[in-house]
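To start, the structure under review is shown below, and the notes come after it.
Numbering (the working numbering), first residue to last: 14 to 263.
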C-alpha cells in the first residue's frame, strides 16, 4: 500500500506541475465557464423545468472537454517514461506491475475529477445569485459527479491502455482520441435508436452515454450503467496490466 501511495503522489505531481496539466485545467475552466454563460443567456430568453446540471450535459461542450482532456491526461502516463528510459528503472524497483498500473490510473482519474471542480463552483454561483434552491441540490450534484466519475474512469482506463502500447505520446494521444470519438459516435447511434427489443439493441443501448448522463444529472442512479462503466474500466485496466507484464516475455 505504501508503494502504491508513493507512486500515486509521484504521478499526481508530474501531472499538476507540468505545463500540460495547467493547460488542461485552464482550458476546462474556460469551456465550463463559457457553457454556463451561454446557458444563462438562453434561460433569460426561455425558461425550462429541467435542472441546470441536465442542461449542461445536453451541451456539446461537456463532451468536447471529455473527449479532448482524457487523451491528453493519459498520453504521458506510460509513453513518456518509456521514451525517457525511466520505465525500466521503475519496473525494477520494489513495486509490482499491478501497483504501477493502479497508481497511474488513480492519478489520471484524480486529475480528471479535479478538472471538473469548477462545475460545482458555477452551480453554486447560479444558486447564490438566483436564489433557486434547486440550482445547487446536494443529491443531484452528487449523482452528477458520480456519472462524471464513472464515465471518466472508463475513458481514463482506455487512455492508460493506449499509453502502455507505445513509447510515443503522440501515438498514444491519437489512439485514445480515435477511441473516444468512436465511443461518442456509438453513443449517438444508441441514443437515436428505437427502444431496445432484441439482444442486439439492448447491447447497443448500454452505450447510450447521453441517456445515462441525463439520468445522473437528474439525480437518478441506475445500477446498470454503474456496473457497465466499472466493468469496462476493469477490462481496460486488465489489458493495461497484461501489456505491462508482456515486457518480461520479450
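Heads up, the beta-carbon is just placed ideally off N, CA and C, and yes, glycines get one too. Bear in mind that the values here come from a model prediction, so they are computed numbers and not experimental data.
Distance between residue j and residue i (C-alpha atoms, nearest Å)
i: residue 225; j: residue 195; result: 17 Å
i: residue 93; j: residue 180; result: 6 Å
i: residue 85; j: residue 186; result: 6 Å
i: residue 139; j: residue 213; result: 42 Å
i: residue 183; j: residue 58; result: 43 Å
i: residue 130; j: residue 41; result: 10 Å
i: residue 67; j: residue 231; result: 6 Å
i: residue 216; j: residue 22; result: 38 Å
i: residue 27; j: residue 103; result: 15 Å
Exposed unless 16 or more other CB atoms sit within 10 angstroms - verdict on residue i
i: residue 203; result: buried
i: residue 247; result: exposed
i: residue 107; result: exposed
i: residue 88; result: buried
i: residue 128; result: buried
i: residue 134; result: exposed
i: residue 284; result: Only positions 14 to 263 of the chain appear in the structure, and residue 284 is not among them; the question remains open.
i: residue 20; result: buried
Own chain partners of residue i with C-beta closer than 7 Å, once the 5 adjacent residues on each side are dropped
i: residue 171; result: 189, 192 and 249
i: residue 254; result: 110, 111 and 114
i: residue 38; result: 128
Reference residue i; option with closest CA among the options
i: residue 235; options: 157, 17 and 212; result: 157
i: residue 233; options: 153, 185 and 178; result: 153
i: residue 117; options: 229, 78, 24 and 259; result: 24
i: residue 199; options: 211, 260 and 222; result: 222
i: residue 77; options: 91, 55, 103 and 44; result: 44
Chain-order list of residues whose beta-carbon lies under 8 Å from that of residue i (same chain, five-residue window excluded)
i: residue 258; result: 110
i: residue 46; result: 131 and 135
Any non-hydrogen atom of the ligand ATP within 7 Å of residue i CB
i: residue 221; result: With respect to the ligand ATP, the structure offers nothing, as it holds no ligand at all.
Evaluate the contact criterion for the segment 41-53 versus the segment 71-79: three or more CB pairs, one atom per stretch, below 8 Å. Segments in contact, yes.
Evaluate the contact criterion for the segment 116-124 versus the segment 162-174: three or more CB pairs, one atom per stretch, below 8 Å. Enough Cβ pairs lie closer than 8 Å, so yes.
The segment 97-104 contacting the segment 236-243, beta-carbon criterion three pairs below 8 Å: With the cut-off at 8 Å, the segment 97-104 and the segment 236-243 do not touch.
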